[in-house]
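Protein chains: 2
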Amino acid sequence: MGRLNRRALLTRLQHLGVASRADLAKSLGMSQPTAGKIAEELLELGVLEEIDGAEPASASPRRRVKLGRPGRLLRLNRTVPRFVALQLGVSETCISTLCLGVSFSDNWQHRFKTPDSAELWTHRLQAIASRLPPASYWGVLVSVPGIVDDLAGRVLFSPNLHWTEKVDVCRLVQEVWAAPVVLVQEERALALGYQHLHPQARDFLLVDFGEGVGASLVVSGQLYDNLLPICGELGHVPVLGNERPCGCGARGCLETLVSTRGLLQSFAAAHGGLAPTWEIMIEKLAIRGVEPWLATTLDATSVVIAGALNVLGVRTVVVTGSLSDLPTAVMDHLSSAIRKGSIYARFGQIDIETAPRHRTAGLVAAGIDRLVVPMSNRDPAARGVPPSPARDRHPDHSRAKLSVPTNS
Amino acid sequence: MGRLNRRALLTRLQHLGVASRADLAKSLGMSQPTAGKIAEELLELGVLEEIDGAEPASASPRRRVKLGRPGRLLRLNRTVPRFVALQLGVSETCISTLCLGVSFSDNWQHRFKTPDSAELWTHRLQAIASRLPPASYWGVLVSVPGIVDDLAGRVLFSPNLHWTEKVDVCRLVQEVWAAPVVLVQEERALALGYQHLHPQARDFLLVDFGEGVGASLVVSGQLYDNLLPICGELGHVPVLGNERPCGCGARGCLETLVSTRGLLQSFAAAHGGLAPTWEIMIEKLAIRGVEPWLATTLDATSVVIAGALNVLGVRTVVVTGSLSDLPTAVMDHLSSAIRKGSIYARFGQIDIETAPRHRTAGLVAAGIDRLVVPMSNRDPAARGVPPSPARDRHPDHSRAKLSVPTNS
DNA sequence: CACAATACTTAATAAAGTTACGAAAGGGGA
DNA sequence: TCCCCTTTCGTAACTTTATTAAGTATTGTG
Chain A
33 MGRLNRRALL TRLQHLGVAS RADLAKSLGM SQPTAGKIAE ELLELGVLEE IDGAEPASAS
93 PRRRVKLGRP GRLLRLNRTV PRFVALQLGV SETCISTLCL GVSFSDNWQH RFKTPDSAEL
153 WTHRLQAIAS RLPPASYWGV LVSVPGIVDD LAGRVLFSPN LHWTEKVDVC RLVQEVWAAP
213 VVLVQEERAL ALGYQHLHPQ ARDFLLVDFG EGVGASLVVS GQLYDNLLPI CGELGHVPVL
273 GNERPCGCGA RGCLETLVST RGLLQSFAAA HGGLAPTWEI MIEKLAIRGV EPWLATTLDA
333 TSVVIAGALN VLGVRTVVVT GSLSDLPTAV MDHLSSAIRK GSIYARFGQI DIETAPRHRT
393 AGLVAAGIDR LVVPMSNRDP AARGVPPSPA RDRHPDHSRA KLSVPTNS
Chain B
33 MGRLNRRALL TRLQHLGVAS RADLAKSLGM SQPTAGKIAE ELLELGVLEE IDGAEPASAS
93 PRRRVKLGRP GRLLRLNRTV PRFVALQLGV SETCISTLCL GVSFSDNWQH RFKTPDSAEL
153 WTHRLQAIAS RLPPASYWGV LVSVPGIVDD LAGRVLFSPN LHWTEKVDVC RLVQEVWAAP
213 VVLVQEERAL ALGYQHLHPQ ARDFLLVDFG EGVGASLVVS GQLYDNLLPI CGELGHVPVL
273 GNERPCGCGA RGCLETLVST RGLLQSFAAA HGGLAPTWEI MIEKLAIRGV EPWLATTLDA
333 TSVVIAGALN VLGVRTVVVT GSLSDLPTAV MDHLSSAIRK GSIYARFGQI DIETAPRHRT
393 AGLVAAGIDR LVVPMSNRDP AARGVPPSPA RDRHPDHSRA KLSVPTNS
């Protein structure tokens, strides 16, 4: 069937959680036969599964007595783990096997401190792989910080984890698991994860604060993408007057102020002491409130975020990561500063909220997107997944097949 | 035929200028019959015209002697004016009638000083309309500054032309010309115009400096769009430390520094005199170079632009408007500052260029887009099942086959 | 004037979607 | 229990759109 409709159906089912063929058809506005055929195909492939368990009454409390033939409920397969998820964090690497129908909160099965070299890292992976159930996976999903060329599968630039730039991460992983590898920029995974849990959020900017600072954008329910493998790099916008050196090679990046390390450094500088731990800083801030150094930092952050909102035309900001650990006064200050700088706030409302990170959900969404129902078969290694006829995506204006249907 | 292919063909022809059916088919990667049928249809509607004049030899100098049957060349209709173009500027209103195949540079047939009220404005329009050839136009294309809800056809917010917010500009225009009205945000028109003249530019951020400051983004050859009627509002990003009041109601907007008025004001402040004219300031700057106040302003501007580049993942900046009037040292300073703040410059190249404004070309592009080959997917429930779109249950797609107001 | 090369058209075919209709699977009332 | 109602789901026939293949038209070249 058409890739587009197949994608749409799968995405919708991902959001609905559980639905019958008829539900899907209605909610997508496509005909029942079409939805039925797609569902059939995906069942065949093991992407979906049919559940006949009595529908929990609580799931549809307001629904009156159901007339007619009850639908056969479908959901994304939750019985067979299809993916290996890998979070390559600056300080920690986490691993888990995941089904397509992912559980909601992150729950890593294995984790270890990220070493400084590719060899050691692969070694640790190997050890863990041997302890995983021997299965043939559809793919390995890797969340990485920094700038990723996700088509080519290369880390181009990673200010906080430089060794990943020099090696072919995909190949390293494939030495451990012989399966297609999908690299996903950390913040993109987070945005997809947030979207998975909040299907009604169709336009938002997700900003993540942690060891680095990055953002990711969803417009009209679609992750903003670009041919250039760079996107949402809020952390490396310069702040006038700031001269701290950044891992990216420049001076004055926002990240040097609002990353966890940057905040600790500022705190220490303001109080003439050594850098405290994160917990101690939180404690002290809870007492002292938003001190001038912090206010300055937050204002700089807000300007960058407001700038992004003004340029992008988005009115919802989702903040994840370390900033939500801090006393509420901090987020309050930031929020009001963002509103002050955002032009939409002059005649509309800006929503700013904090949310936990949902990396695994995002990784699975990315994996489904790239491996299960790819728009274009840009992954030559794809095996055991739906056969999708060849078609180039952006063949540089030469032999683009813009026609939507057909081909086989 | 499919809207998508029809759009693609028209856009391509717009870029190529003149092409045969076979050229179009080849360049779009679609089959000749398809291209032929679409071309036929568009000829019928009067969108295209066939030219049989001898092809200028200079057009394809390197091309060796052409064998075979020569193609029948097509281009966008240039004989019948189909649109009225209207530039509602802060200080001046310009008017012209335009064909689909637009001439390249702006060439307004009528112009008058924009009055302070809707009544006076309509009155002037009426006077001009009576002097235009009586024809039935396909639409009136209006370039407006400020924030425009182009679907609803309302000006939501116009810091430098407040009276347009309170009136229904579309209705005003329709009282003069009984035709569909398309409102286009000024910078969007400029971006479309630039794209028309540089078809190879597929990703860029166009920043326009004038009485206001705004930007517009093209990604993958597509004007960035958003459900929120706001986009590219670079001018209203706050600059820390700046306290000048802005027409938008806030303080410290970038626009208060780099608009023509802002620059003049800063110049006057730096030299303790009255505000000079634009020409005098240029003259003096040519002698004195980039003075500290100007450097500060440019740095602030560069940070905002670099921020946009980092977030959007774009590596090309097109600057139009007043800033290119200033001595070259000014653009040089700005360019190098943008590069310094842009993360892509760490491992790639940032292109920054200045360009003249091409408003009419952009307006026509927008008009074609909205009136001649509409997507008709412009409904709030745009859920994206485009291929062979499942007709919505709510049959509000009455204008599905609208195409072009049939006359002739 | 045949022949090669290119442009365009027509006809048959394929893919993906649609509507239409009928069988399956319950619930509720006689 | 039987019958009717409602809804789900599958199959068949039709529609739209684009493709491939084959045929016709129009030029330059030997």
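Chains A and B, in that order, give the protein sequences. If you're matching positions, the first sequence starts at 33 in the working numbering and goes up one per residue. If you're matching positions, the second sequence starts at 33 in the working numbering and goes up one per residue. In this text, a Cβ means the ideal position worked out from N, Cα and C, and glycines have one as well.
Under 8 Å from the C-beta of L188/A: neighbouring residues of chain B: Counting from 1 along the first sequence, the entry for residue 188/A is found at position 156. Result: F379.
Cβ pair count under 8 Å reaching 3, the region 377-394 of chain B against the region 193-200 of chain B: no
Three-way DSSP call (helix, strand, coil) for T129/A in this model: In the first sequence, residue 129/A corresponds to position 97, counting from 1. Reduced to three states, the DSSP call for T129/A is strand.
C-alpha distance - A301/B paired with L272/A, whole-angstrom precision: Within the second sequence, residue 301/B is the residue found at index 269, counting from 1. Within the first sequence, residue 272/A is the residue found at index 240, counting from 1. The alpha-carbon atoms of A301/B and L272/A are separated by roughly 22 Å.
L108/B versus E73/B: straight-line alpha-carbon distance, rounded: Residue 108/B sits at position 76 when you count from the first residue of the second sequence. Residue 73/B sits at position 41 when you count from the first residue of the second sequence. Rounded to the nearest angstrom, the two C-alpha atoms are 13 Å apart.
Buried/exposed call for R320/A, threshold 16 Cβ in 10 Å: Looking up residue 320/A in the first sequence gives position 288. Exposed, since its Cβ has fewer than 16 Cβ neighbours within 10 Å.
Segments of 4+ residues assigned as alpha helix (DSSP H) that fall wholly inside the region 260-320 of chain A: 287-290, 292-303, 310-320
Other residues of its chain near T352/B: CB distance less than 8 Å, five sequence neighbours each side excluded: For the purposes of this step, residue 352/B is taken as the residue at position 320 of the second sequence. Around T352/B: L222, Y226, L238, V239, D240, F241, T386, A387, P388, R389.
Positions along the region 152-169 of chain A whose CB lies within less than 9 Å of some CB in chain B: none
Integer-rounded CB distance, given that V180/B should sit under 8 Å from L215/B: Reading the second sequence from its first residue, position 183 is the one you call residue 215/B. Reading the second sequence from its first residue, position 148 is the one you call residue 180/B. Sure, about 5 Å apart at Cβ, within 8 Å.
Per-residue DSSP class, three states only, for A387/A: Taking the first sequence and counting its residues from 1, one reaches residue 387/A at position 355. Of the three classes helix, strand and coil, the one that applies to A387/A here is coil, per DSSP.
Inter-residue CB distance, R203/B and C280/A (contact presumed, cutoff 8 Å): In the second sequence, residue 203/B corresponds to position 171, counting from 1. In the first sequence, residue 280/A corresponds to position 248, counting from 1. R203/B to C280/A, Cβ: 52 Å. No contact.
Where the beta strand (DSSP E) through A247/B begins and ends: Translated into positions along the second sequence, residue 247/B becomes position 215. Note, A247/B: beta strand (DSSP E), 245-251.
Separation of L105/A from R94/A, as counted between CA atoms: Numbered from 1 along the first sequence, position 62 holds the residue referred to as residue 94/A. Numbered from 1 along the first sequence, position 73 holds the residue referred to as residue 105/A. At R94/A, the pLDDT of 37 sits below 50, so the modelled position is not reliable and the matter cannot be decided from this model.
Cutoff 8 Å: E265/B Cβ touching any chain A Cβ: In the second sequence, residue 265/B corresponds to position 233, counting from 1. For E265/B, the answer is yes, since a Cβ of chain A falls inside 8 Å of its Cβ.
Own chain partners of P427/A with C-beta closer than 7 Å, once the 5 adjacent residues on each side are dropped: Along the first sequence, read from residue 1 onward, the residue named residue 427/A stands at position 395. In this prediction, P427/A scores a pLDDT of 28, lower than 50, which makes its location untrustworthy; no coordinate-derived value is stated.
Residues that H194/B contacts on chain A, provided the C-beta gap is smaller than 8 Å: Here the question's residue 194/B lines up with position 162 in the second sequence. Per Cβ cutoff of 8 Å: no residues; H194/B is ~12 Å from chain A at best.
Through-space distance from A40/B to P65/B, alpha-carbon basis: In the second sequence, residue 65/B corresponds to position 33, counting from 1. In the second sequence, residue 40/B corresponds to position 8, counting from 1. The straight-line gap from Cα to Cα measures roughly 15 Å.
Residue range of the unbroken alpha helix (DSSP H) whose run includes K198/A: Here residue 198/A refers to the residue found at position 166 of the first sequence. Residues 195-198.
Rounded distance between the beta-carbons of L224/B and S398/B, thought under 8 Å: Counting from one through the second sequence, the residue named residue 398/B turns up at place 366. Counting from one through the second sequence, the residue named residue 224/B turns up at place 192. The residue you asked about is not Ser; residue 398/B is Ala in the sequence shown. Confirmed, Cβ separation roughly 6 Å.
Any alpha helix (DSSP H) of 4 or more consecutive residues that is wholly inside the region 163-216 of chain A: 195-198, 201-208
Alpha-carbon spacing of C131/B relative to E243/A, whole angstroms: Taking the first residue of the second sequence as position 1, residue 131/B is located at position 99. Taking the first residue of the first sequence as position 1, residue 243/A is located at position 211. Their Cα atoms are separated by approximately 56 Å.
Cβ pair L80/B, A71/B closer than 8 Å: Locating residue 80/B in the second sequence gives position 48, where the first residue counts as 1. Locating residue 71/B in the second sequence gives position 39, where the first residue counts as 1. A contact, by the Cβ cut-off of 8 Å.
Residue-level contact to chain B via CB, N258/A, 8 Å cutoff: Residue 258/A sits at position 226 when you count from the first residue of the first sequence. Yes, N258/A lies at the interface with chain B (some Cβ there is under 8 Å from its Cβ).
Cα-Cα separation between Y256/B and A51/B, rounded to whole angstroms: As a working mapping, residue 256/B is identified with position 224 in the second sequence. As a working mapping, residue 51/B is identified with position 19 in the second sequence. C-alpha separation (whole angstroms): 27 Å.
Contacting residues, own chain, Cβ-Cβ under 8 Å from G294/A (five flanking each side not counted): Reading the first sequence from its first residue, position 262 is the one you call residue 294/A. Answer for G294/A: R276, E287, T288, T329, listed in chain order.
Cβ-heavy atom distance, A221/B to the ligand PLP, below 7 Å: Among the components of this structure there are no ligands whatsoever, and the ligand PLP is therefore not found.
Span separating the alpha-carbon of S367/A from that of G133/A: As a first step, residue 367/A must be located in the first sequence, where it is residue number 335. As a first step, residue 133/A must be located in the first sequence, where it is residue number 101. Their Cα atoms are separated by approximately 34 Å.
Simplified DSSP state of D364/B, which is helix, strand or coil: Counted from its first residue, the second sequence places residue 364/B at position 332. Three-state DSSP puts D364/B in a helix.
Limits of the unbroken beta strand (DSSP E) element including T146/A: Within the first sequence, residue 146/A is the residue found at index 114, counting from 1. Per DSSP, T146/A belongs to no beta strand (DSSP E) and is neither H nor E.
Which listed residue (R44/B, G380/B, R220/B, V208/B) has its alpha carbon closest to that of P261/B: Within the second sequence, the letter at position 229 stands for residue 261/B. Looking at the Cα atoms, R220/B is the closest of the given residues.
Contact set for R38/A: own chain, Cβ-Cβ below 7 Å, skip 5 residues either direction: The residue you call residue 38/A lines up with position 6 of the first sequence. Closer than 7 Å at the Cβ level, and outside the excluded window around R38/A, lie I70, V405.
T445/B: first and last residue of the uninterrupted alpha helix (DSSP H) it sits in: Residue 445/B is absent from the model: chain B starts at 33 and stops at 440.
Limits of the unbroken alpha helix (DSSP H) element including V343/B: To locate residue 343/B, count along the second sequence from 1; it is residue 311. Here the alpha helix (DSSP H) through V343/B covers 324-344.
Proximal residues of chain A, C-beta to C-beta of D235/B below 8 Å: By 1-based counting over the second sequence, the position of residue 235/B is 203. Neighbours of D235/B on chain A, chain order: N258, L259, L260.
Per-residue burial, L118/B [other beta carbons within 10 Å of its own, 16 or more giving buried]: Walking along the second sequence from the start, residue 118/B turns up at place 86. With 16 or more other Cβ atoms within 10 Å, it is buried.
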